[in-house]
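**Student:**
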Ligand SMILES: Cc1cc2nc3c(=O)[nH]c(=O)nc-3n(C[C@H](O)[C@H](O)[C@H](O)COP(=O)(O)OP(=O)(O)OC[C@H]3O[C@@H](n4cnc5c(N)ncnc54)[C@H](O)[C@@H]3O)c2cc1C
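Residue numbers (the working numbering), protein chains in the order written: chain A, 1 to 63; chain B, 1001 to 1530.
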C-alpha cells in the first residue's frame, strides 16, 4: 500500500460498522478509549508506511 | 566507595603563572575537568597542542552520574588511548526486561551486530571514567605531552576579545590572571563561562524528580536491565534497574513533581521501596542516594569567537538514552582536530564554524530523542497516557508493539548530513550508513578492526581500488574487500574511495576519483574551500 485509500474499500460496510460498535458495548469511556488506542496501533502497524499514516491523520483532522 | 569521591586527584599546586608580572598567554585553556574537559585535554595533548586545564575542584565528580557509555564513546576513547581500560572495567549486558504494572510484558536480547571492536555500550560509573582519564593524562604528561591540569583553580571572570580571551582565576593562594588564544568551556550545565559572557541557555524543564540509589547486593543477581512502567512499588511512575561494576546496581525511581525531597531521601523509605522492587529475599546495602530533576536545553551557538562551548555547558539532555557525557565526548572529538589545524595554520578559523553547525545539529537530535523517551515514560496528557498504556498492553502478546516502547534509545552518533565539510555523495549504490557526514562503521579488517587503522589525520581509503597519493592524506587500500566491508562501504558498488576525517566521519566518497578531485574535497573538509 503506497497511497491512502479514501474511496469505498470495505467489504461489508454495515457489518464492519456493527462489529466496531459491538466491540465497545458495555465498556466504560476509559475502557473504550483504551480499546480504540490499541486498535489504532494495530491498524497503524498494518499500514506500516509513515507517509500513508500521516495522510490518514490529515484526512481525520480535516473531517 | 565514598573514598573515591574524597581523594584529591589533581590537588592545587602553585603555578609559575601566578608569579608572572603580566598575565601569561596560552594557546588553549580548558575550563572544567569533567569528562568533556579531560577528553579535550587528552585529544589536544596527544596532538602536541599545549593546553591548560582549570577546575575549581580536584576530585572526580561527586556521587552517581553517568553510567552508560555508548560504543561511539569507546571508539573515541580508543583514540585517546584508554578504550581497553574502560571496556575491561565496564559491565556488558544483553538481556532486558520490561514490566508494566505487576507483570513482565516482554524481554529482549540486544544481539549486537558482529564485526565491531567495541560493544554497543558498557555500564561504568562516571567516576571510574574520570579517574581513568586523569590516569591517562598523567601517562601522556610522562611522555612529554604539553598538558597542565590545575586543580583548585576557579574561573571568576572571562572577557572575550577579538584575538584572545582574558581570564580571572581564584586559587587557595589568591587570584591571578591568564590569557588564552582559545578557550574551551567545559564547565558543566551551570557554566560560569556562559554566565560571564551573558549567553543564554534555553529549553524545556521537565516537571519531574528522579531518585537514584546505588545499591550493592549480597547475592547473585542477573546482569540484565529491568524497566518498570507503573509498578506496584511506584504507582503511576517508572523505575529502572541496571548493573554497574564492583557489584553495584543503579536504581532509578521516578517520583513526580510534588514531593518532599528530604523525606524521599530517607534511607528507611528508600530501602522499603527497593525491597519491593527486588523482592523480600534479596539483601542489599544502600551506597548512595540522590534526587535530581532534568532539563533539555542548549545554547543557540556553541562557538562565540574564541570561546567554544562543549558538553553540558553547551547542551543538556534528560538522562534517558544516556546522551550527556556520550554527546559531550563527540563534541570534543569533533572540535579538537579542527582547533589543532587552525592553531597550526593548516586551516582557516572558519573551520570552527563547522563545529558549531555539526554539534548543534547533533544536540538537537539528542534533545529530540531524549524528549521522546521522556514523553513515553511520563505521558504529558490523558490521551498520551492512553496510547502509552496501549502500546505496553499490546507489547505483551504482539511483537509489533515492542519497537514503540521507549524507555530510552541507545545513544548513536549523529550523521552530519548537509555539513559544509561534506562533498556530495558520488558513490552510486553505496550504503546509506556510510554516506558523507556519517561516522565510519567499524568492520573486521585484516587481523584487527578498521577503526584502529584510521589515523589521527585524514585517511584516504580505497576498497577494490588503490588509494592514490594525495598530500594531507594517509592511504589505506584493500584490494579485495570481504563481504562485511562490502556491506558496510560498497553496497552495490564494485569499488570505492573514501575520504575520512580525523574524527572518523566520512567527508567524501566516490566510485573513483582523480587526485585533483580528492584534493578539492580535502580542502572543503578543512574549511578552505566552500
Ligand atoms: C543521574 C544522572 C545520570 C546520567 N547518566 C548518564 C549516562 O548514563 N550517560 C551519559 O552519557 N551521561 C549521563 N549523564 C550526564 C553526564 O553526567 C553529564 O553529561 C557529564 O557529566 C557532562 O560532562 P561535562 O564535562 O560537560 O560537565 P561536568 O561533568 O559537569 O564537569 C564540569 C566541570 O567544570 C568544573 N567547573 C565548574 N565551574 C567552574 C569554574 N568556575 N572554574 C573552574 N572549573 C569549574 C566543575 O568542577 C566540573 O569538574 C547523567 C547525569 C545525571 C545527573
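In this text, a Cβ means the ideal position worked out from N, Cα and C, and glycines have one as well.
Under a CB-based cut-off of 8 Å, is residue 55 of chain A close to chain B?
**Tutor:** Counting from one through the first chain, the residue named residue 55 of chain A turns up at place 55. The beta carbon of residue 55 of chain A does not come within 8 Å of any beta carbon belonging to chain B, so the residue lies off that interface.
**Student:** Taking CB distances under 8 Å as the criterion, tell me whether residue 1391 of chain B reaches chain A.
**Tutor:** What you label residue 1391 of chain B is simply residue 391 of the second chain in a count that begins at 1. True, the Cβ-Cβ gap to chain A drops below 8 Å.
**Student:** Excluding the five sequence neighbours on either side, which residues of its own chain have a C-beta within less than 6 Å of the C-beta of residue 1047 of chain B, listed in chain order?
**Tutor:** Within the second chain, residue 1047 of chain B is the residue found at index 47, counting from 1. Closer than 6 Å at the Cβ level, and outside the excluded window around residue 1047 of chain B, lie 1340.
**Student:** Within the stretch 1083-1158 of chain B, note down every full beta strand (DSSP E) run reaching 3 residues or more, in order along the chain.
**Tutor:** 1095-1100, 1103-1109, 1121-1123, 1147-1150
**Student:** So for residue 1203 of chain B, helix, strand or coil by DSSP?
**Tutor:** For the purposes of this step, residue 1203 of chain B is taken as residue 203 along the second chain, with counting starting at 1. Three-state result, residue 1203 of chain B: strand.
**Student:** Assuming residue 1167 of chain B and residue 1155 of chain B make a contact with CB atoms under 8 Å, what is their CB distance in whole Å?
**Tutor:** Here residue 1167 of chain B refers to the residue found at position 167 when the second chain is read from its first residue. Here residue 1155 of chain B refers to the residue found at position 155 when the second chain is read from its first residue. In this structure, residue 1167 of chain B and residue 1155 of chain B form a Cβ contact; the two beta carbons are roughly 6 Å apart against a cut-off of 8 Å.
**Student:** Which same chain residues, not among the five before or five after residue 992 of chain B, have their C-beta less than 8 Å away from its C-beta?
**Tutor:** Because chain B here runs from 1001 to 1530, residue 992 of chain B falls outside it and cannot be looked at.
**Student:** Go through the stretch 1297-1382 of chain B residue by residue and report every complete run of the beta strand (DSSP E) that reaches 3 residues or more, in order.
**Tutor:** 1307-1309
**Student:** Is any beta-carbon of chain A found at less than 8 Å from that of residue 1240 of chain B?
**Tutor:** By 1-based counting over the second chain, the position of residue 1240 of chain B is 240. Closer than 8 Å: no.
**Student:** Could you name the residues of chain B that residue 63 of chain A contacts, counting a contact when the two beta carbons are closer than 8 Å?
**Tutor:** Here residue 63 of chain A corresponds to residue number 63 of the first chain, with the count starting at 1. Here the premise fails: no neighbours, minimum Cβ distance about 18 Å.
**Student:** Where does the unbroken alpha helix (DSSP H) through residue 50 of chain A begin, and where does it stop?
**Tutor:** By one-based count along the first chain, residue 50 of chain A stands at place 50. Per DSSP, residue 50 of chain A is one residue of the alpha helix (DSSP H) stretching across 50-62.
**Student:** Say whether chain A places a C-beta atom closer than 8 Å to the C-beta of residue 1387 of chain B.
**Tutor:** Residue mapping note: residue 1387 of chain B aligns to position 387 of the second chain, counting from 1. Chain A, which has a Cβ nearer than 8 Å to the Cβ of residue 1387 of chain B, makes this yes.
**Student:** Any idea what DSSP makes of residue 1479 of chain B, helix, strand or coil?
**Tutor:** Translated into the one-based positions of the second chain, residue 1479 of chain B becomes position 479. Residue 1479 of chain B: coil per DSSP, three-state reduction.
**Student:** Which residues of chain A have a Cβ atom closer than 8 Å to the Cβ of residue 1401 of chain B, listed in chain order?
**Tutor:** Within the second chain, the letter at position 401 stands for residue 1401 of chain B. The contact set of residue 1401 of chain B on chain A, defined by CB atoms closer than 8 Å, consists of 41, 45 in chain order.
**Student:** Looking at the C-beta of residue 38 of chain A, does it have a partner C-beta in chain B at a distance below 8 Å?
**Tutor:** Residue 38 of chain A sits at position 38 when you count from the first residue of the first chain. Yes, contact with chain B.
**Student:** For ligand 1, is there any heavy atom lying closer than 7 Å to the beta carbon of residue 1015 of chain B?
**Tutor:** Within the second chain, the letter at position 15 stands for residue 1015 of chain B. No, the beta carbon of residue 1015 of chain B sits no closer than 7 Å to any heavy atom of ligand 1.
**Student:** Can you tell which of B:1277, B:1282, B:1417, B:1290 has its C-alpha closest to the C-alpha of residue 1536 of chain B?
**Tutor:** Chain B is shown only over 1001 to 1530; residue 1536 of chain B falls outside these bounds and no answer can be derived.
**Student:** For ligand 1, I want to know if residue 1205 of chain B counts as a neighbour, meaning its beta carbon is within less than 7 Å of at least one of the ligand's heavy atoms.
**Tutor:** Taking the first residue of the second chain as 1, we reach residue 1205 of chain B at position 205. No, the Cβ of residue 1205 of chain B stays beyond 7 Å of every heavy atom of ligand 1.
**Student:** Is the separation between the beta-carbon of residue 1273 of chain B and that of residue 1210 of chain B shorter than 8 Å?
**Tutor:** As a position in the second chain, residue 1273 of chain B is number 273, starting the count at 1. As a position in the second chain, residue 1210 of chain B is number 210, starting the count at 1. No.
**Student:** So, does the CB of residue 1167 of chain B fall closer than 8 Å to a CB anywhere in chain A?
**Tutor:** To locate residue 1167 of chain B, count along the second chain from 1; it is residue 167. So, not an interface residue.
**Student:** Tell me which residues share the same chain as residue 1118 of chain B and place their Cβ nearer than 8 Å to its Cβ, disregarding the 5 neighbours each side in the sequence.
**Tutor:** Residue 1118 of chain B sits at position 118 when you count from the first residue of the second chain. If we look at residue 1118 of chain B and ignore the five residues flanking it on each side, its Cβ neighbours are 1071, 1074, 1075, 1078, 1083, 1087, 1442.
**Student:** Do residue 980 of chain B and ligand 1 come close, with the Cβ less than 7 Å from some heavy atom?
**Tutor:** Residue 980 of chain B lies beyond the stretch modelled for chain B, which goes from 1001 to 1530, so this question has no answer here.
**Student:** Closer than 7 Å by C-beta to residue 32 of chain A: which residues in its own chain qualify, once you throw out the five before and the five after it? Chain order, please.
**Tutor:** Mapped onto the first chain, residue 32 of chain A falls at position 32. If we look at residue 32 of chain A and ignore the five residues flanking it on each side, its Cβ neighbours are 24.
**Student:** State whether the stretch 1339-1353 of chain B contacts the stretch 1265-1285 of chain B, with contact taken as three or more CB pairs (one from each stretch) at a distance under 8 Å.
**Tutor:** no
**Student:** Which same chain residues, not among the five before or five after residue 1315 of chain B, have their C-beta less than 6 Å away from its C-beta?
**Tutor:** Your numbering for residue 1315 of chain B matches position 315 in the second chain. Hits under 6 Å: 1298, 1363.
**Student:** Within 10 Å of its beta-carbon, does residue 1257 of chain B have 16 or more other beta-carbons around it, so buried, or fewer, so exposed?
**Tutor:** Within the second chain, the letter at position 257 stands for residue 1257 of chain B. Residue 1257 of chain B is exposed by the Cβ-count criterion.
**Student:** With hydrogens ignored, establish whether the beta-carbon of residue 1098 of chain B is closer than 7 Å to any heavy atom of ligand 1.
**Tutor:** In the second chain, residue 1098 of chain B corresponds to position 98, counting from 1. No, Cβ of residue 1098 of chain B sits at least 7 Å from all heavy atoms of ligand 1.
**Student:** Assign residue 1366 of chain B to one of two classes, buried (16 or more other C-beta atoms within 10 Å of its C-beta) or exposed (fewer than that).
**Tutor:** In the second chain, residue 1366 of chain B corresponds to position 366, counting from 1. Counting C-beta atoms within 10 angstroms of its own C-beta, residue 1366 of chain B has 16 or more neighbours from the protein chains shown and is therefore classed as buried.
**Student:** Going along chain A, which residues have a C-beta under 8 Å from residue 1394 of chain B?
**Tutor:** Here residue 1394 of chain B is taken as the residue at index 394 of the second chain, counted from 1. In chain order: 38, 41, 42.
**Student:** I'd like the span of the alpha helix (DSSP H) that includes residue 1071 of chain B, first residue to last.
**Tutor:** In the second chain, the residue the question calls residue 1071 of chain B occupies position 71. Per DSSP, residue 1071 of chain B belongs to the alpha helix (DSSP H) from 1071-1079.
**Student:** What does the Cβ neighbour count give for residue 1020 of chain B, buried or exposed, with the cut at 16 atoms within 10 Å?
**Tutor:** By 1-based counting over the second chain, the position of residue 1020 of chain B is 20. Classification of residue 1020 of chain B: exposed, given that the 10 Å Cβ count is below 16.
**Student:** In three-state DSSP terms, what is residue 1244 of chain B?
**Tutor:** Reading the second chain from its first residue, position 244 is the one you call residue 1244 of chain B. Residue 1244 of chain B falls in the strand class under three-state DSSP.
**Student:** I'd like to confirm something about residue 1035 of chain B: is its beta-carbon nearer than 7 Å to some heavy atom of ligand 1, or not?
**Tutor:** Position 35 of the second chain holds residue 1035 of chain B. True, at least one ligand heavy atom lies under 7 Å from that Cβ.
**Student:** Kindly indicate if chain B contains any beta-carbon less than 8 Å away from that of residue 60 of chain A.
**Tutor:** For the purposes of this step, residue 60 of chain A is identified with residue 60 of the first chain, where counting begins at 1. Judged by the 8 Å Cβ criterion, residue 60 of chain A is not in contact with chain B.
**Student:** Are residue 1009 of chain B and residue 1058 of chain B close, meaning C-beta to C-beta below 8 Å?
**Tutor:** Sequence index remark: in the second chain, residue 1009 of chain B carries index 9 (1-based). Sequence index remark: in the second chain, residue 1058 of chain B carries index 58 (1-based). It is a contact, given that the beta carbons lie within the stated cut-off.
**Student:** Quick one: what does DSSP say residue 959 of chain B is sitting in, helix, strand or coil?
**Tutor:** Since the displayed chain B opens at 1001 and closes at 1530, residue 959 of chain B lies outside it and no answer follows.
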